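Number of protein chains: 2
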Amino acid sequence: MNIFKLLKKNKLFYNFEDKEINKIFDCLHGHINKYSRGRVVAEIGQPVEEIGILLTGAAVKFIKKPNGELENCGEIFAGDMFGEVEAYTGDRTFNSSVVIAEEATVLYISVATIVKQCSNNCPCHQKLLENTLSCLAERIDTMGVDAKYLKIKSMRGKISKLFYDKYLAQGTETIHLGFNRNEMAEYLNVSRPSMSREMIAMREDGIIKFRKDEIVILNVDELQRLANEAR
Amino acid sequence: MNIFKLLKKNKLFYNFEDKEINKIFDCLHGHINKYSRGRVVAEIGQPVEEIGILLTGAAVKFIKKPNGELENCGEIFAGDMFGEVEAYTGDRTFNSSVVIAEEATVLYISVATIVKQCSNNCPCHQKLLENTLSCLAERIDTMGVDAKYLKIKSMRGKISKLFYDKYLAQGTETIHLGFNRNEMAEYLNVSRPSMSREMIAMREDGIIKFRKDEIVILNVDELQRLANEAR
DNA sequence: TAGTGTTTGTATCTTAAGCTACAAACATCA
DNA sequence: TGATGTTTGTAGCTTAAGATACAAACACTA
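Chain order of the listed sequences is A and B.
For the first sequence, our numbering assigns the number -4 to the initial residue and increments by one for each residue that follows.
For the second sequence, our numbering assigns the number -4 to the initial residue and increments by one for each residue that follows.
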């Protein structure tokens, strides 16, 4: 496995050179641990001193419900990280536990050293800081977009907004969703049959046609209208 | 008006001393502008070079819909800021326009100087950076919580989760909402009458009683169950 | 304390979307 | 090419929540 390649995919190390990544180990107190399945690598309420980046394997995040039950709240794969938000919040404690699901290697970097300029005054430090800021800011953007879909009440509105946004992003009348009906329904937070029903109604209305992951917009104006009116 | 007091309320300047705030002006290239109603102080698509902090007055944020129409997407009052997220995203351009609604004074601080250590190596710079990170991270947290309510499908689930969360936060069976029915309905993204109806049903079921902004939880266990089961 | 505005409660009706369960289409691979 | 698993479409029923419109309670102040 190539650590350099993997890390460069991680947003924190965007724009890093190999030699800069090497500095992680002294500059940011980087170290790598290996864990087997079931190992708890982060625990709710514990202070976040390091950010963990999964180099191999997989892990699952859990939040604790007030009655003590644990609830799965997401998965982490190679290239993903944990603690990168909590590290900067008020109490700096994990708000979810992370449990290794498949034998994994984790690279840790120290939070304290990210925010402080290091004595070597190295540019990689500066970059990491900027990347951290971007990483957080972009997350806010994404969450804002996601919330928009959730707030739209009508099925047709949700679908239209989603398709129209994809249309704007992809620039062609033929768009690709990037997920199947189940995933799309889950993203929009609706039931798949209801969504399917409405998509077919939209096809009957001549707005779209589709086949699997590929959607063709037949009436852009109407779709735009629906997307804009949606609430 | 006391700039110091106001700025210390702003999250970016949390923990700042008066004398450190004074440094803003040379260290962060701070400067103050005064605007009258109608003035556009940020425009969608334009690069964000500074973060604006409203010292007095009020402003409105607009996003541009694809058909060109502008849509109100939030208000800004004294102590609030704009550009503090976009400043760090990929293209670093405003994604909403900001228009002054009431004669306002705005303090600007340079983004470029926030992320770079300044030549004076002043601690205020360091603090500002940490505050910026907190500010963004906490926003992510908040948005995550907000999205949770949106994702719950049943009315009773939404209400229960909200009340239960407030109960956990406030620690007493008598909780205060901090908003009226309209605002609460808007936050949960439901219609007020439907919400009212369900609150009354919950009262009839002996789970809560209420009067205006004050809610008393009569059956904590049941409320907890509802909040946990909610989806 | 009357008068106005706001917030909250109530009623009725309608409909969109959820759920379940099944059928059809498609993909994959031996 | 048949067998199996997955994804997508279809149907019918039920119900929760939306919309609207009005009434009651309350708050403010003149």
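Yeah, the Cβ is synthetic: ideal placement off N, Cα and C, and Gly gets one too.
Treat the numbers as computed from the prediction; the structure is a model and nothing was measured.
Asked: For the region 133 to 147 of chain B, list every residue whose C-beta sits within 8 angstroms of some C-beta in chain A, in sequence order.; Found: Glu133, Arg134, Ile135, Asp136, Met138, Gly139, Asp141, Ala142, Leu145, Lys146
Asked: Hey, quick one: how far does the alpha helix (DSSP H) through B/Ala222 stretch, first residue to last?; Found: 215 to 224
Asked: Are the CB atoms of A/Leu102 and A/Leu145 within a distance shorter than 8 angstroms?; Found: no
Asked: Among the residues of its own chain, which have a CB less than 6 angstroms from the CB of B/Ile170, if the five just before and after it don't count?; Found: Lys161, Tyr162, Ile210
Asked: Counting only the same chain and skipping the five closest in sequence on each side, list residues whose C-beta sits under 6 angstroms from that of B/Asn28.; Found: Val101
Asked: On the criterion of 16 or more Cβ atoms from any shown chain inside 10 Å, does A/Thr127 qualify as buried, or is it exposed?; Found: buried
Asked: With the cut-off set at 8 angstroms, would you say B/Ala99 and B/Tyr30 are in Cβ contact?; Found: yes
Asked: If distances are taken between C-alpha atoms only, which option among B/Leu218, B/Lys111, B/Leu131 comes closest to B/Lys153?; Found: B/Leu218
Asked: What is the C-beta distance between B/Gly52 and B/Glu81, in whole angstroms, given that I count them as a contact (C-beta under 8 angstroms)?; Found: 21 angstroms between Cβ atoms; not a contact.
Asked: Kindly give me the distance between the Cβ atoms of A/Val35 and A/Ser105, rounded to whole angstroms, as I take these residues to be in contact under 8 angstroms.; Found: With a Cβ gap of about 20 angstroms, A/Val35 and A/Ser105 do not count as contacting.
Asked: At which residues does the alpha helix (DSSP H) containing B/Val80 begin and terminate?; Found: B/Val80 -> no alpha helix (DSSP H), and no H or E assigned at all.
Asked: Please go through the same chain and pick out, in chain order, the residues whose beta-carbon is closer than 7 angstroms to the beta-carbon of B/Ile19, but skip the five residues on each side of it.; Found: Gly25, Ile104
Asked: Counting only beta-carbon separations shorter than 8 angstroms, does B/Gln230 have a partner in chain A?; Found: The requested residue 230 of chain B is not part of the displayed model; chain B covers only -4 to 226.
Asked: Determine which residues of the region 69 to 90 of chain A have a Cβ less than 7 angstroms from any Cβ of chain B, and write them out in chain order.; Found: Val80, Tyr83, Thr84, Gly85
Asked: I want to verify the contact list: residues of chain B whose CB lies under 7 angstroms from the CB of A/Pro118, in sequence order.; Found: Going along chain B, no residue has its Cβ under 7 angstroms from A/Pro118, so there is no contact; the nearest lies around 11 angstroms.
Asked: Within 7 angstroms: the Cβ of A/Asn17 and any heavy atom of the ligand ATP?; Found: Summarising the ligand content, the structure contains no ligands, and the ligand ATP is consequently not present.
Asked: Are three or more beta carbon pairs between the region -2 to 14 of chain B and the region 127 to 138 of chain B nearer than 8 angstroms?; Found: yes
Asked: Between the Cα of B/Pro42 and those of B/Glu66, B/Gln121, B/Glu12, B/Gly85, spot the shortest distance and give me the residue it belongs to.; Found: B/Gly85
Asked: With the cut-off set at 8 angstroms, would you say A/Ile95 and A/Gly33 are in Cβ contact?; Found: yes
Asked: Ordered along the chain, which non-local residues of its own chain (more than five positions away) have a Cβ less than 7 angstroms from that of B/Leu213?; Found: Gly201, Ile202, Ile203, Lys204
Asked: Name, in chain order, the residues that DSSP records as bridge partners for B/Lys204.; Found: B/Val211
Asked: Identify the continuous beta strand (DSSP E) that holds A/Ile46 and give its terminal residues.; Found: 45 to 59
Asked: On the CB-based measure, 16 or more other CB atoms within 10 Å of its CB, does A/Ile195 come out buried or exposed?; Found: exposed
Asked: Quick one: list the residues of chain A neighbouring B/Leu157, beta-carbon separation under 7 angstroms, in chain order.; Found: Correct list: empty, because the minimum Cβ distance to chain A is about 14 angstroms.
Asked: Between the C-alpha atoms of B/Asn177 and B/Gly139, what's the straight-line distance to the nearest angstrom?; Found: 22 angstroms
Asked: Report the neighbours of A/Val110 on chain B: residues whose CB is nearer than 9 angstroms to its CB, in chain order.; Found: Gln121, Leu124, Glu125, Leu128
Asked: So is A/Lys204 in contact with chain B if we call contact Cβ pairs under 8 angstroms?; Found: no
Asked: Would you call the CB atoms of B/Ile135 and B/Asn90 closer than 8 angstroms?; Found: no
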